[in-house]
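Asker:
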Amino acid sequence: MPDQRKAYTYGLLTVLLWSTVASAFKLSLRYVDYVQLLLYASVVSLLLLGFIAGLQGKARLLLSFSRRQWLRSLVLGFLNPFLYYVVLFKAYELLPAQEAQPLNYTWAITLSLLSIPLLKQKISLTHILALFVSYAGVLVIGTRGEISSLRFSDPVGVGLALGSTIIWSLYWIYNTKDDRDPVLGLFLNFLFGLPFILIYCLLFSGLRVSHFYGYIGASYVGTFEMGITFILWLSALKRSENTAKIANLIFLSPFVSLVFIHFLVGEDILLSTLVGLVLIVLGLFIQQSRRRTLQA
Numbered sequence: 029m030p031d032q033r034k035a036y037t038y039g040l041l042t043v044l045l046w047s048t049v050a051s052a053f054k055l056s057l058r059y060v061d062y063v064q065l066l067l068y069a070s071v072v073s074l075l076l077l078g079f080i081a082g083l084q085g086k087a088r089l090l091l092s093f094s095r096r097q098w099l100r101s102l103v104l105g106f107l108n109p110f111l112y113y114v115v116l117f118k119a120y121e122l123l124p125a126q127e128a129q130p131l132n133y134t135w136a137i138t139l140s141l142l143s144i145p146l147l148k149q150k151i152s153l154t155h156i157l158a159l160f161v162s163y164a165g166v167l168v169i170g171t172r173g174e175i176s177s178l179r180f181s182d183p184v185g186v187g188l189a190l191g192s193t194i195i196w197s198l199y200w201i202y203n204t205k206d207d208r209d210p211v212l213g214l215f216l217n218f219l220f221g222l223p224f225i226l227i228y229c230l231l232f233s234g235l236r237v238s239h240f241y242g243y244i245g246a247s248y249v250g251t252f253e254m255g256i257t258f259i260l261w262l263s264a265l266k267r268s269e270n271t272a273k274i275a276n277l278i279f280l281s282p283f284v285s286l287v288f289i290h291f292l293v294g295e296d297i298l299l300s301t302l303v304g305l306v307l308i309v310l311g312l313f314i315q316q317s318r319r320r321t322l323q324a
């Protein structure tokens with residue numbers, strides 16, 4: 029049953045929590061490496077999602093899933109949480125949070141590009157304009173305002189941040205064919221993704237964390253980046269009279285995130301970051317406006 033007040037409450041709470049995760053990544057990476065952060069955050073998220081599924085009485089539905097659905101979870105779990113967060117957390121390890129966060133935010137543009145060959149969708153002039161505007165923002169951020177030089181501050185970090193958007197987009201495109209309960213689907217993805225993460229951690233890092241703050245940071249990331257915010261966002265969309273009213277709230281997240289990055293992480297926000305982020309969000313807004321026009 030629609031309840032717009034509750035929808036806005038859940039939506040704003042989700043945006044607030046999502047806005048803190050870039051800072052949480054950087055603060056956590058002071059005490060753990062990117063692989064350890066992923067491992068312990070994934071364990072926390074898996075336990076949380078399992079608890080929520082049990083609380084909602086959905087756990088018994090696991091027995092009704094087909095072999096094909098279990099296999100899908102294996103593929104999705106490899107993409108997310110394993111591959112996506114390995115690439116994303118490494119990008120955050122190499123880049124300032126104020127650069128990694130906006131670059132990762134271009135995943136919606138990447139999704140549009142990949143939808144052309146994979147979902148046979150057509151591209152319009154509006155989409156081309158959105159792509160141009162958003163990736164102009166990427167250039168501004170990646171070169172720290174020195175676009176003419178085309179010299180990225182950290183080419184590997186920028187490449188990984190943009191690469192993460194490809195993995196995330198592939199995950200969501202493949203996920204569109206999944207008709208299972210979203211909480212159970214996400215739980216199984218983390219369940220199947222965890223062995224990949226554990227093996228990767230044993231090969232390239234280690235299980236021992238040097239400081240207790242590392243566990244605290246991983247717990248926060250697992251709870252609010254990978255777990256509960258997903259449930260809150262679904263609740264907001266479900267209760268809204270019009271999903272566009274809630275979807276537009278997501279444009280607030282990267283700007284609020286910069287405030288947290290400045291005060292919690294201690295980064296001085298560059299003018300190039302603000303200009304680039306405005307361009308990225310403007311491109312996303314143009315793209316979303318086109319989608320709403322087609323649906324009207």
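Residues in the sequence shown are numbered consecutively from 29, following our numbering. Backbone N, C-alpha and C fix where the C-beta goes; we use that ideal spot for every residue, glycine too. This one's a predicted model, so the numbers in the text were calculated from it and none came from an experiment.
Does GLU253 come out as helix, strand or coil in the three-state DSSP assignment?
Answerer: Reduced to three states, the DSSP call for GLU253 is coil.
Asker: Around the Cβ of THR204, are there at least 16 other Cβ atoms within 10 angstroms (buried) or fewer (exposed)?
Answerer: The residue is exposed, with fewer than 16 neighbouring Cβ atoms inside 10 Å.
Asker: Between which two residues does the alpha helix (DSSP H) carrying GLY187 extend?
Answerer: Start and end: 183-203.
Asker: Going straight from the alpha carbon of VAL43 to that of TYR133, what length do you get?
Answerer: Taking the straight line from one Cα to the other gives about 13 angstroms.
Asker: From ILE225, LEU111 and LEU260, pick the residue whose C-alpha is nearest to that of ILE80; which is it?
Answerer: Looking at the Cα atoms, LEU260 is the closest of the given residues.
Asker: Would ASN217 and SER94 be called neighbours here (beta carbons separated by less than 8 angstroms)?
Answerer: Going by C-beta atoms, ASN217 is not nearer than 8 angstroms to SER94.
Asker: Who are the Cβ neighbours of THR251 in its own chain at under 8 angstroms, not counting the five residues just before and after it?
Answerer: Contacts found: VAL72, SER73 and LEU76.
Asker: Verify whether the separation of the beta carbon atoms of TYR241 and VAL103 is less than 8 angstroms.
Answerer: No, the pair does not count as a contact, with Cβ atoms beyond the cut-off.
Asker: Any idea if HIS239 is buried or exposed, counting beta-carbon neighbours within 10 angstroms, 16 or more meaning buried?
Answerer: Result: exposed.
Asker: Can you tell me whether GLN315 is buried or exposed? The criterion is at least 16 other CB atoms within 10 Å of its CB, across all chains shown.
Answerer: The residue in question, GLN315, is buried, as its Cβ has 16 or more Cβ neighbours within 10 Å.
Asker: Is DSSP giving VAL63 helix, strand or coil here?
Answerer: Reduced to three states, the DSSP call for VAL63 is helix.
Asker: Is DSSP giving VAL211 helix, strand or coil here?
Answerer: Reduced to three states, the DSSP call for VAL211 is helix.
Asker: Taking contact to mean 3 or more Cβ pairs, one atom from each stretch, closer than 8 angstroms, check whether the segment 33-49 and the segment 281-289 are in contact.
Answerer: Contact between the segment 33-49 and the segment 281-289 is present, because at least three Cβ pairs lie under 8 angstroms.
Asker: From GLN84, ARG58 and ILE225, pick the residue whose C-alpha is nearest to that of ASN108; which is it?
Answerer: If we check each option's Cα against that of ASN108, ILE225 comes out closest.
Asker: Between ILE227 and GLY39, how many whole angstroms is the CB-CB distance? I'm expecting something under 8 angstroms.
Answerer: That pair is no contact at about 37 angstroms.
Asker: Please list, in chain order, all residues of the same chain as LEU277 whose beta carbon is under 6 angstroms from its beta carbon, the five residues on each side excluded.
Answerer: Closer than 6 angstroms at the Cβ level, and outside the excluded window around LEU277, lie GLY39 and VAL43.
Asker: Apply the 10 Å Cβ neighbour rule to GLU127 and answer buried if 16 or more other Cβ atoms are within range, or exposed otherwise.
Answerer: Flag for GLU127 reads buried.
Asker: Would you mind giving the Cβ-Cβ distance between SER56 and GLY245, rounded to the nearest angstrom? I have them listed as a contact below 8 angstroms.
Answerer: Going by Cβ atoms, the distance from SER56 to GLY245 rounds to 3 angstroms, so yes, they are a contact pair.
Asker: Alpha helix (DSSP H) containing GLU121: first to last residue?
Answerer: It spans 112-122 - the alpha helix (DSSP H) in which GLU121 sits, taken as one unbroken run.
Asker: Give the secondary structure of PHE93 by DSSP, where H, G and I count as helix, E and B as strand, and everything else as coil.
Answerer: If DSSP states are grouped into helix, strand and coil, PHE93 belongs with coil.
Asker: Tell me, to the nearest whole angstrom, how far the beta carbon of GLY105 is from that of PHE220; I am working on the premise that it is less than 8 angstroms.
Answerer: About 3 angstroms separates the two Cβ atoms, so the contact holds.
Asker: Under 8 angstroms by Cβ, that's how I've got SER51 and ALA125 pegged, so tell me the actual separation to the nearest angstrom.
Answerer: Indeed they touch by this definition, with Cβ atoms about 6 angstroms apart.
Asker: Please identify the residue among PHE313, LEU307 and ALA35 whose C-alpha is closest to the C-alpha of GLY173.
Answerer: Closest option to GLY173, Cα to Cα, is LEU307.
Asker: How far does the alpha helix (DSSP H) with SER285 in it reach, from first residue to last?
Answerer: From DSSP, the alpha helix (DSSP H) with SER285 extends over 281-288.
Asker: Whose C-alpha, out of LEU122, ASP61, LEU146 and THR193, is nearest the C-alpha of LEU111?
Answerer: Closest option to LEU111, Cα to Cα, is THR193.
Asker: On a Cα-Cα basis, can you pick out the residue from LEU131, PHE283 and ILE156 that is closest to LEU141?
Answerer: When only C-alpha atoms are compared, the closest one is ILE156.
Asker: My assumption, with CB atoms under 8 angstroms, is that LYS86 sits in contact with LEU230. Please give the rounded CB distance.
Answerer: The Cβ separation is near 32 angstroms, so there is no contact.
Asker: Taking 8 angstroms as the threshold (C-beta atoms), are LEU190 and LEU131 in contact?
Answerer: A contact, by the Cβ cut-off of 8 angstroms.
Asker: Could you tell me which of GLY165, ARG96, LYS150 and ASP61 sits nearest to LEU116, measuring between CA atoms?
Answerer: Ranking GLY165, ARG96, LYS150 and ASP61 by Cα distance to LEU116 puts ASP61 first.
Asker: According to the neighbour-count rule (16 or more other Cβ atoms, all chains shown, within 10 Å of its Cβ), is LYS150 buried or exposed?
Answerer: With fewer than 16 other Cβ atoms within 10 Å, it is exposed.
Asker: Roughly how many angstroms separate the alpha carbons of SER152 and VAL161, rounded to a whole number?
Answerer: Distance between the alpha carbons of SER152 and VAL161: 14 angstroms.
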